[in-house]
């Protein structure tokens, strides 16, 4: 069962070949850069794997701030800082597309009863429902 706590604990093993040390940089005005430095299981730098740069920003909405996280294709911290604005724009555009898709899916899943239908005993529609009815 997916909700069984014992199952979740058993699947919580970390992959020692995918470890990163995390450093956080911010200008305290616009955003945050997260630098993930690859390390070996003993904590020494892993020079074979590439450093990952991630940006973080917040998009203000009518229900509060929406955190946005995005990868930045960079080779150094300075490169990531210079590419932050463009990556932020792309990350916000991606988040907006995802929100629109979620809204579309939510609106298409609403099922309305036929016009003029009233609920019968027990809150069910009369006529058994599920049958195709032609006018």
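Residue numbers (this note's numbering): 254 to 388. For glycine and all other residues, C-beta sits at the position ideal for the given N, C-alpha and C.
Assignment of beta strand (DSSP E) within the region 277-325, counting only whole runs of 3 or more residues, yields 285-291, 305-314, 317-325 in chain order. Here the C-alpha atom of residue 318 lies approximately 21 Å from the C-alpha atom of residue 325.
Between residue 296 and residue 321, the gap from beta carbon to beta carbon reaches 8 Å or more. With fewer than 16 neighbouring CB atoms inside 10 Å of its own CB, residue 314 falls in the exposed class.
Between residue 275 and residue 287, the C-beta gap is smaller than 8 Å, which places the two residues in contact. For residue 341, the enclosing alpha helix (DSSP H) covers residues 330-361. Here residue 337 is buried: its Cβ has 16 or more other Cβ atoms, across all protein chains shown, within 10 Å.
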